[in-house]
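Here the numbering used here runs 459 ahead of the position in the sequence shown, where the first position is 1. C-beta atoms are modelled at their ideal positions from N, C-alpha and C, and glycine is treated no differently.
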Amino acid sequence: MTEQEATAQGVAVRSGGKPALYVVATPIGNLGDVTLRALQVLREVDVIAAEDTRVTRRLLDRHGSATPLMAAHEHNERSAALRIVERLAAGESVALVSDAGTPGIADPGSQVVAAVRAAGYPVVPIPGPNAAATAMSASGLGDGRFLFCGFLPARGGERRSVLGELVAQTAALVFYEAPHRITDCVEDLRAIFGDDRSLLIARELTKIHESIHRCRLGEAVQWLNADDNRRRGEFVLVVDGAPAAAKDDDAGAERTLRILLGELPLKQAVALAAKLTGAARNALYEQALAIRKDGQG
Ligand code: SAM
């Protein structure tokens, strides 16, 4: 029997009947988006460690599973990890789920997985929904590569500083964002990356009000502001990467900036670097702040 055939026959087969942690992806909105294997695991394990037991109970009720739940969220993850390892030591199998999508991706889970690995028990991923991959798949952006950046900092200055470090990245950039920050975030994307790059605004994916809009960064804020509903719900943003030629230009601009920062006050260095290289002043400013913060200029 191949491993694939064995796995299809039951969850216990993969880990040879030994206790294991199953990291199970669950829907990001539409409760129908759960794999057959995920349902089987959720039915057969001894306990499910869930970010919010009420959310997971709804999913289990919908699919006719009565497996007991325990809480494993960002405020108790360390102690939950210890309890999970104890249960594995007692011969039980455990599933780990978050409220939506894949555990450990902009969600709790990595501490539990690390503890289980350190204790020497198998960790079995059960793949399924993930908001970043879902948005990326409908974007038509990039060349198959993307950089998952998760949530940007909530404060504008820190957010622009992180974005400044991504200006030369040629892979598409994927961000998660909350509705109350969506406009500010898109304004900052435009300030740092300029008007011309493409932006995908993926809202409420897989849900009744799903909307997926692609436009230039220069048009995005106006589009968002044209209808209050466009700023409601859960968001994934995908920004096209820098053109390959721009990467060389940006590397040159960064070199120039670093040299000038060694000789001049920050503002003067930025102004001169912008004149010399033609790079955007906002992006150079954020880069200069990051360089100074790292103590390299
Ligand atoms: N672990 C999840 C995953 O695999 O995608 C991500 C959880 S993170 C706490 C929640 C964020 O993911 C939301 O604020 C939003 O940015 C994004 N997200 C989750 N579900 C989404 C959906 N249905 N549509 C758009 N974005 C979504």
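What does G560 pair with, by DSSP beta-bridge criteria? According to DSSP, which records beta bridges pairwise, G560 is partnered with T485.
Which residues mark the beginning and the end of the beta strand (DSSP E) in which V626 is found? Taken as a continuous stretch (DSSP letters only), V626 belongs to no beta strand (DSSP E), as it is neither H nor E.
Within its chain, find whatever has a CB closer than 6 Å to the CB of S538; leave out the 5 residues flanking it on each side and keep chain order. If we look at S538 and ignore the five residues flanking it on each side, it has no Cβ neighbours.
Out of N688, S569, E663, R521, point me to the one whose CA is closest to I487's CA. Nearest option by C-alpha distance: E663.
Helix, strand or coil at Y744 [DSSP, three-state]: Here Y744 sits in helix by DSSP.
Which of the three DSSP states, helix, strand or coil, is assigned to A701? DSSP places A701 in coil when its eight states are reduced to three.
Heavy atom of the ligand SAM within 8 Å of R662 beta-carbon: Checking every heavy atom of the ligand SAM against the Cβ of R662, one is found closer than 8 Å.
Skipping 5 residues on each side, what residues in its chain have a beta carbon closer than 8 Å to that of L676? Correct list, in chain order: V645, L648, R649, F652, G653, D654, D655, R656, S657, L658, V698.
In the DSSP output, which residue or residues are listed as bridge partners for H672? Paired residues: I660.
Rounded C-beta distance between I585 and A497? I'm assuming under 8 Å. That belief holds up - the Cβ atoms of I585 and A497 are roughly 5 Å apart, short of 8 Å.
Return the chain-ordered list of same chain residues with a C-beta closer than 7 Å to the C-beta of A749, the five sequence neighbours on each side being excluded. Within the same chain, A749 has close Cβ partners S620, G623, E624.
Would you say the beta carbon of T629 comes nearer than 8 Å to a heavy atom of the ligand SAM? Flag unset: Cβ of T629 not near the ligand SAM.
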